[in-house]
Amino acid sequence: MKNWLAILFLSVILSSCLDEVKSEKETKSKAEIAQDSTQQGGRKIINAGSVSQYTGKPGRLIVVAEPTEYIKEIEFLFDSIFAAPIRPFYPITPYFEVYQRSPQDFKRLSTRLRNVIELSIDEKIEKGSPTMHIYENYYAKTQLYTKLQAHDISDLYDLLLKEVDYLFQIYDRQEWKREYYRHPSKKNEATRDRLKSKFGIDLTLPSKFSYESINDEYAIIMFPDRTRQMDMETTGAYSTSRANFIQSGVMVWQYPYTDERQLHPDNLMMMRDTILKYYARHEIEGVYMGTQDHPAVIPQYEKLKIGDITGYQFRGLFKFTGKSEPSGGRFWSYHFKHPNRNTIVAISGYLDAPPTMSASYDFNRIRAVIYSLKVVK
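Every letter in the sequence shown is one number past the one before it in the UniProt record's numbering, and letter 368, counting from 1, is 368.
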């Protein structure tokens with residue numbers, strides 16, 4: 001009991017200290033604020049300078065607002081944009097899980113959560129002139145914290161309606177950027193040199209992985225398995241179940257470019273299945289990775305520019321198929337024509353995990369690798 005009281009007392013002290021730091025930040029001069037600001041989409045993102053460690057799970061957005069301010073119309077906006085499902089993933093995988101907290105609960109529980117949007121009504125704000133301020137590194141390093149203030153609920157809703165799409169873009173970007181910042185930029189030189197030599201690409205990779213390159217056509221970067229296997233007894237003998245085992249990684253493959261028609265999304269997916277049938281094989285003989293193309297979960301794609309490279313980004317489901325279909329999962333990939341080589345290159349992240357587990361961390365890590373892409377000669 002004494003230890004518990006000591007921890008509680010320490011938490012109160014730390015919270016007070018954080019509030020003092022916040023107050024100091026808010027009294028910065030205009031010149032200091034301008035120096036610490038970045039411009040994105042015509043809007044300033046202010047660097048508040050915190051170096052504290054953030055807390056909380058990936059893929060969560062905390063909306064700080066009184067219940068009277070978090071009306072159904074505003075809740076619907078957050079649910080329809082931030083909590084929209086990542087199509088065509090199944091089970092349903094939202095971009096963010098949205099939680100509302102009162103200002104009192106937010107300060108009492110934790111102010112250093114990754115993603116925070118604060119809504120408030122203040123009659124001192126001029127009617128028709130609501131304000132929005134976006135901070136990075138506010139209570140914690142890489143935290144995004146946005147304050148929206150308005151004279152009344154009507155102004156607040158109009159401001160949010162105008163800005164919610166932009167806010168989603170920067171919060172979604174910050175999710176994978178946090179993982180990118182964790183990837184050591186000057187390590188893994190041996191693997192990166194192989195990728196440069198074989199495929200003409202450079203990727204920033206996480207600290208721990210295993211790399212296998214079968215030939216100049218295919219390679220795989222496997223991330224460490226998360227959680228541990230469960231031993232289950234069946235028919236009197238023990239067998240290993242991967243029901244509680246998360247496997248993820250990034251595959252890279254290439255093939256000769258001969259015709260513009262190869263870059264059509266349907267043909268990119270057909271070639272994906274051809275490559276994976278030979279190289280992405282299951283431990284069960286005669287079973288390999290294939291793309292699920294049922295109309296309900298057909299892969300989604302869009303054109304995407306990474307640096308100077310324009311290609312196609314795909315999201316979809318895969319399954320191990322052939323003599324049996326033991327498991328499956330989700331994939332996120334990027335396909336492009338190499339500008340310096342006569343090849344088409346694909347970088348495809350995969351996740352094989354129990355459907356009850358959140359996929360946010362794993363796909364943020366995968367996207368951090370894909371979006372770090374640079375091409376070399």
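Positions of the beta carbon are idealized from the N, C-alpha and C atoms, including for glycine.
(message) With the cut-off set at 7 angstroms, would you say Ala368 and Tyr180 are in Cβ contact?
(response) yes
(request) State the DSSP-derived secondary structure class of Asp352, mapped to helix, strand or coil. (result) strand
(request) Work out the CA separation of Arg341 and Val364 for me, nearest whole Å. (result) According to the sequence provided, residue 364 is Asn. The question's Val does not apply to it. Near 29 angstroms, if we compare the C-alpha coordinates of Arg341 and Asn364.
(message) Taking the alpha helix (DSSP H) that Asn364 belongs to, which residues open and close that run?
(response) Secondary structure note for Asn364: its alpha helix (DSSP H) is the uninterrupted segment Ser360 to Ile370.
(request) Return the chain-ordered list of same chain residues with a C-beta closer than 6 angstroms to the C-beta of Ser120, the five sequence neighbours on each side being excluded. (result) Gln149
(message) Which residue marks the beginning of the alpha helix (DSSP H) containing Arg194, and which one marks its end?
(response) Glu189 to Phe199
(request) Measure the alpha-carbon distance for Glu325 versus Ala353 and round it to whole angstroms. (result) 15 angstroms
(request) Return the chain-ordered list of same chain residues with a C-beta closer than 7 angstroms to the C-beta of Tyr157, the five sequence neighbours on each side being excluded. (result) Glu73 and Ile74
(request) Please look up how many angstroms separate the CB atoms of Val345 and Gln254, rounded, as I've assumed it's under 8 angstroms. (result) 5 angstroms
(request) Classify Gly329 as buried or exposed, calling it buried when 16 or more other Cβ atoms lie within 10 Å of its own Cβ. (result) buried
(request) Counting only the same chain and skipping the five closest in sequence on each side, list residues whose C-beta sits under 8 angstroms from that of Lys141. (result) Scanning its chain for C-beta atoms nearer than 8 angstroms, with the 5 sequence neighbours on each side dropped, one finds around Lys141 the residues Ser50, Val51, Ser52, Gln53 and Tyr54, in chain order.
(message) For Val64, list the residues DSSP reports as bridge partners.
(response) Arg101 and Glu118
(request) Can you give me the Cβ contacts of Phe199 inside the same chain, cut-off strictly under 6 angstroms, excluding the 5 residues immediately before and after it? (result) Cβ-Cβ distances below 6 angstroms link Phe199 to Val252, Gln254 and Val345 in the same chain, with the five nearest sequence neighbours on each side left out; the list follows chain order.
(message) Judging by CA-CA distance, which residue of Gly56, Ala219, Leu351 and Asp202 is the nearest neighbour of Ser372?
(response) Asp202
(request) Tell me, to the nearest whole angstrom, how far the beta carbon of Arg43 is from that of Tyr218; I am working on the premise that it is less than 8 angstroms. (result) With a Cβ gap of about 43 angstroms, Arg43 and Tyr218 do not count as contacting.
(message) From the DSSP secondary-structure annotation, give me the bridge partner or partners of Pro130.
(response) None, per the DSSP bridge assignment.
(request) With a threshold of 16 other CB atoms inside 10 Å of the CB of Ser154, please say whether the residue is buried or exposed. (result) exposed
(request) Kindly indicate which three-state DSSP category Asp293 falls into: helix, strand or coil? (result) coil
(message) Can you look up Pro224 in the DSSP assignment and give me helix, strand or coil?
(response) coil
(request) Verify whether the separation of the beta carbon atoms of Gly316 and Pro299 is less than 7 angstroms. (result) yes
(message) Here's the rule I'm using: 16 or more other beta-carbon atoms within 10 Å means buried, otherwise exposed. How should Asp293 be labelled?
(response) exposed
(message) Nearest by alpha-carbon distance to Gln174: which of Pro67, Phe320 and Arg60 is it?
(response) Arg60
(request) Look up Ile214 in the DSSP assignment and say whether it is helix, strand or coil. (result) Coil, per DSSP.
(request) Please report how far the alpha carbon of Ser213 lies from the alpha carbon of Ser327, in whole angstroms. (result) 24 angstroms
(request) Helix, strand or coil for Met251, going by three-state DSSP, please let me know. (result) strand
(message) If distances are taken between C-alpha atoms only, which option among Asn137, Leu109 and Phe331 comes closest to Ile46?
(response) Asn137
(message) Considering only the alpha carbon of each residue, which of Asp79, Asn188, Asp362 and Tyr139 lies closest to residue 378?
(response) Residue 378 lies beyond the range of the chain shown here (1 to 377); nothing can be said about it.
(request) With DSSP as the reference, label Arg315 as helix, strand or coil. (result) strand
(message) Using 8 angstroms for Cβ pairs, my map puts residue 383 next to Met271. What's the rounded Cβ distance?
(response) Nothing can be reported for residue 383: it is not among the residues displayed for the chain, which extend from 1 to 377.
(message) Within the continuous beta strand (DSSP E) that includes Leu144, where are the two ends?
(response) Leu144 to Ala150
(message) Run through the DSSP bridge pairs and tell me what Trp176 is partnered with.
(response) DSSP lists no partner for Trp176.
(message) In this structure, how does DSSP classify Gln300 when only helix, strand and coil are distinguished?
(response) Judged by DSSP in its simplified three-state form, Gln300 adopts strand.
(request) Drop a sphere of 10 angstroms on the beta-carbon of Tyr139, count the other beta-carbons inside from all chains shown, and report buried for 16 or more, exposed for fewer. (result) buried
(request) If I'm right that Tyr171 touches Ala48 with Cβ under 8 angstroms, what's the distance once you round it to whole angstroms? (result) Not a contact, Cβ separation roughly 16 angstroms.
(request) Consult DSSP for Ile284 and reduce its assignment to one of helix, strand or coil. (result) Of the three classes helix, strand and coil, the one that applies to Ile284 here is coil, per DSSP.
(request) Kindly list the residues whose CB is nearer than 7 angstroms to the CB of Ala84, restricted to its own chain and excluding five residues on each side of it in sequence; keep chain order. (result) Pro94 and Tyr95
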